[in-house]
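Novice: Please find one structure pasted underneath; my questions will follow.
Residue numbers (the UniProt record's numbering), protein chains in the order written: chain A, 1 to 425; chain B, 1 to 425.
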């Protein structure tokens, strides 16, 4: 498990020659606007790239009907027509350790357009940064993976173990793409997922899941609004109550890997919607959000925590006592995952990080769920999250990535693959 | 100005014979589901009824393009195709005092269906009540008007002044129907509008107008939500700030006509909407509502009040200092209106109320704006609001009206018309 200095230098030099090509590939991927349901164009670019690399390619649209019955299925939709998964395999020569390199191709919506300086899908390059929705979360990471495999190929290296590159759909809405890959049989001895970690290494990742809270009111004419009960005013109480739950849950986190993270397991209220008419008292508010699940708790425990917390509302508010907020768990779900820091892929990744960047890597627990939970738990494929994207810019207006980092991550990942899968001499 | 006892008795008896027919007419109107843009079916029923009564009928679709230029125009739409206004005139013999009887045919949306015991447009009758969206606000009042005119006709009475019955669209969204009637030339010496007042008489009515507040946030991944600014959390602050403004404004109301009304000029927040994705920090919240305007203040003063109040948010919150909430006045607007209690139509209405119901009428200021503001101010037609509907049930699930009241109001209004327009002997 030692890549040779000669290989390292050659590999580094070769990656230097790929600056234009790699940057261009990333730009095309960003411009392909692969929000949920619109992933086909971006996947086409991936397929073309993997074809040129002569990998064994597998393209399929996940079968929603079949997956729906799976206990780990968690999506708001069950028809994935026009949204293919893509897998490309670089076959190993012998029975070496295999690795999955997993990246999602879907991106979240761009949000309020006014807050973007450029078109959200411009892929513009300025001062060494590329801008656009999805560039950091996580197309930059995907390009790092492709560059890493290309670099190994360019070195003329034959590995013992398989390298399985996965470009999956639906990560942002619950992981159906990765679930489909697992159901199709893709497993490995370990996995790397280059989500935007600011080049930190995450051996632990929190889980998360989506919730919906329905808050009732009673309608009335706005001019006699005192005769109704405003679901918006009641909704405001629920929002504040959820914020208090977040505070309570986070005060219980003691894992040192969360040190220095302001809110280790956030509860994000992402959507609110209520009312049909400005002059009527609103009678129903819908709140949707995402609840963080600590690596040390189960999804079920976290759900119970929120259920019990919401029940408290009825203790001080007679309206809530009669009309308790209705809690639903819907759509996306990411299982928490955790592998020991002593895992050999961790050791290799940390070593190569230090070799290339001349400093110790930061090792933390992730602030979000990723498909790594599914891989670690369901596919028994221990997963590490490590990638070049800017954590702060994920899901953010003017999302960007530092292009340099894409190549640094590619170099570190390539060397780690060589260590893990081993060269077939 | 004295209707004779003989006429009163005959009129009362005749109305008794119309119980079935009048109830059936109201039921058909409720079943016609005349939400905004869907008024044509209900208006067809009105046209058929007025045709049988041999009134001079005028049917037209308001010209949005023309009306848009009018300073009193306040609607969220400007195309009224398929939404006709209907006017029917009972011509007076000589130059007596004329009266407008104005009722709107549009109804607000039904809201959360789960809170309705029956289909919202069933028109079901139970225990002397009829149920359905719009039955109280204000189709019951409209039927009172029609019954009143029919009763006068049945008595064989010829009046000196014109009786102008108006079935208008768009009252619930800013009064374009009544505005169009005024622009078409319909004015009179006074007007009665049978909005649901619980049989109270409103010589004063508050104005109201719709507002929209846009609250900015900054998006981020929900897992690192501390790197963004939640527009939902900021929106919660804005909602509470508006509630405080309502309190402040109402503490300044001293008009005795508002005595006993919990919130004389309410600010109703009717809609809230923000966020696109449960796992993203919400970057924009839209709040829509309706601001009550006291009969003693101008629309402009009320607007200024809210504008200045919102600016205060920036004094204690640096986010708001940099990104102040954006206030817009849009869509509907109802001007406040006020006529002296000594107005002769007031005197006549109060007298006939007491004659029929053997008790003094309650005289108050209205909790909402009506088309009476437009009639009083723009058309110089002093307007009184008085109707059989249940104030508490307007815009409410399981909206109903007591059928008895529809006939009582018809009787009182018929006698008042006779007093006002005078019998041509």
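C-beta atoms are modelled at their ideal positions from N, C-alpha and C, and glycine is treated no differently.
1) Straight-line CA distance for residue 211 of chain B to residue 390 of chain B?
2) What do you reckon, are the CB atoms on residue 204 of chain A and residue 109 of chain A nearer than 7 angstroms?
3) Using a C-beta cutoff of 7 angstroms, does residue 309 of chain A count as contacting chain B?
4) Please tell me whether residue 405 of chain B has its Cβ less than 7 angstroms away from any Cβ of chain A.
5) Measure the CB-CB distance between residue 131 of chain A and residue 400 of chain A and report whether it falls below 7 angstroms.
6) Would a C-beta distance cut-off of 7 angstroms place residue 189 of chain B and residue 97 of chain B closer than the cut-off?
7) Against chain A, does residue 412 of chain B count as a neighbour if the rule is that its beta carbon must be under 7 angstroms from one of theirs?
8) Exposed or buried, which one is residue 101 of chain A when buried takes at least 16 other CB atoms within 10 Å?
9) My parser needs the beta strand (DSSP E) runs of 3 or more residues fully inside the region 261 to 316 of chain B; what are they?
10) For the region 347 to 364 of chain A and the region 410 to 418 of chain A, state whether three or more C-beta atom pairs, one from each stretch, are separated by less than 8 angstroms.
11) Please list, in chain order, the residues of the region 261 to 285 of chain A that have any C-beta partner in chain B closer than 8 angstroms.
12) Out of A/409, A/77, A/406 and A/424, state which residue places its alpha-carbon closest to the alpha-carbon of residue 174 of chain A.
13) Judging by CA-CA distance, which residue of B/105, B/44 and B/147 is the nearest neighbour of residue 134 of chain B?
14) Against chain B, does residue 112 of chain A count as a neighbour if the rule is that its beta carbon must be under 7 angstroms from one of theirs?
15) Measure from the alpha carbon of residue 298 of chain B to the alpha carbon of each residue in B/209, B/127, B/99 and B/231, then state which is nearest.
16) What are the complete alpha helix (DSSP H) segments, minimum 4 residues, inside the region 166 to 241 of chain B?
17) Taking 8 angstroms as the cut-off, does the region 359 to 369 of chain B touch the region 225 to 235 of chain B (at least 3 CB pairs, one atom from each stretch)?
18) Straight-line CA distance for residue 107 of chain A to residue 253 of chain A?
19) State the DSSP-derived secondary structure class of residue 400 of chain A, mapped to helix, strand or coil.
20) Flag residue 16 of chain A as yes if its beta-carbon sits less than 7 angstroms from any beta-carbon of chain B, otherwise no.
21) Under 6 angstroms from any heavy atom of the ligand NAP, does the C-beta of residue 157 of chain B make it?
22) Here's the rule: buried if 16 or more other CB atoms are within 10 angstroms of the residue's CB, otherwise exposed. What is residue 301 of chain A?
23) Can you find the residues in the same chain that come closer than 7 angstroms, C-beta to C-beta, to residue 177 of chain B, ignoring five residues on each side of it along the sequence?
24) Measuring CB to CB, does residue 278 of chain A end up less than 7 angstroms from residue 226 of chain B?
25) Mind checking whether residue 289 of chain A and residue 272 of chain A have CB atoms under 7 angstroms apart?
26) Using the Cβ count rule (16 or more neighbours within 10 Å means buried), how would you classify residue 408 of chain A?
27) Taking residue 54 of chain B as part of the alpha helix (DSSP H), name the residues at either end of that continuous run.
28) Could you give the distance in angstroms between the alpha-carbon of residue 68 of chain B and the alpha-carbon of residue 370 of chain B?
29) Would you kindly report the start and end of the unbroken beta strand (DSSP E) that includes residue 129 of chain B?
30) Using the C-alpha atoms, what's the distance from residue 291 of chain A back to residue 265 of chain A?
31) Check whether the region 45 to 53 of chain A touches the region 19 to 34 of chain A, taking contact to mean three or more Cβ pairs, one atom from each stretch, closer than 8 angstroms.
32) Determine the burial state of residue 335 of chain A: buried for a count of at least 16 other Cβ atoms within 10 Å of its Cβ, exposed for fewer.
33) From what residue to what residue does the alpha helix (DSSP H) around residue 320 of chain A run?
34) Does the count of Cβ pairs from the region 28 to 38 of chain A and the region 115 to 131 of chain A closer than 8 angstroms reach three?
35) Provide the residue(s) that pair with residue 126 of chain B in DSSP beta bridges, ordered along the chain.
36) Per DSSP, what kind of secondary structure is residue 246 of chain B in: helix, strand or coil?
Specialist: Taking the definition as stated:
1) Cα-Cα distance, rounded: 26 angstroms.
2) For residue 204 of chain A and residue 109 of chain A, no; Cβs fall outside 7 angstroms.
3) No, residue 309 of chain A lies away from the interface with chain B (no Cβ there is under 7 angstroms from its Cβ).
4) Cβ-Cβ to chain A under 7 angstroms: no for residue 405 of chain B.
5) Yes; because the gap between Cβ atoms is below 7 angstroms, this pair is in contact.
6) Residue 189 of chain B is a Cβ neighbour of residue 97 of chain B, given a cutoff of 7 angstroms.
7) No, because no Cβ of chain A sits closer than 7 angstroms to the Cβ of residue 412 of chain B.
8) Flag for residue 101 of chain A reads buried.
9) Correct list: 267 to 274 and 284 to 293.
10) Output reads yes: the region 410 to 418 of chain A touches the region 347 to 364 of chain A.
11) So the list reads 262, 263, 266, 268, 269, 270, 271, 272, 273, 274, 275, 276, 277, 278, 279, 280, 281, 282, 283, 284 and 285, given in the order they occur along the chain.
12) It is A/77.
13) Of B/105, B/44 and B/147, the residue nearest in Cα terms is B/105.
14) Chain B, which has a Cβ nearer than 7 angstroms to the Cβ of residue 112 of chain A, makes this yes.
15) Looking at B/209, B/127, B/99 and B/231, the one whose alpha-carbon comes closest to that of residue 298 of chain B is B/209.
16) Counting whole runs of 4 or more residues, the region 166 to 241 of chain B contains the alpha helix (DSSP H) stretches 176 to 183.
17) Cβ pair count under 8 angstroms is below three, so no.
18) So the alpha carbons of these two residues sit roughly 30 angstroms apart.
19) DSSP places residue 400 of chain A in strand when its eight states are reduced to three.
20) Closer than 7 angstroms: no.
21) This structure simply doesn't include the ligand NAP, nor any ligand for that matter.
22) With fewer than 16 other beta carbons inside 10 angstroms of its own, residue 301 of chain A counts as exposed.
23) For residue 177 of chain B, where only same-chain residues beyond five positions count, the Cβ hits under 7 angstroms are 62, 85, 104, 168, 169, 170 and 171.
24) Taking C-beta atoms as the reference points, residue 278 of chain A and residue 226 of chain B fail to come closer than 7 angstroms.
25) At least 7 angstroms separates the beta-carbon of residue 289 of chain A from that of residue 272 of chain A.
26) Result: buried.
27) Residue 54 of chain B -> no alpha helix (DSSP H), and no H or E assigned at all.
28) Distance between the alpha carbons of residue 68 of chain B and residue 370 of chain B: 20 angstroms.
29) Looking at the DSSP string, the run of the beta strand (DSSP E) that includes residue 129 of chain B is 129 to 131.
30) Cα to Cα, the separation comes out at about 8 angstroms.
31) Judged by pairs of C-beta atoms under 8 angstroms, the region 45 to 53 of chain A touches the region 19 to 34 of chain A, as three or more such pairs exist.
32) The residue in question, residue 335 of chain A, is buried, as its Cβ has 16 or more Cβ neighbours within 10 Å.
33) 318 to 322 is the span of the alpha helix (DSSP H), which, as asked, contains residue 320 of chain A.
34) They touch, by the three-pair rule.
35) Partner(s): B/129.
36) Residue 246 of chain B falls in the helix class under three-state DSSP.
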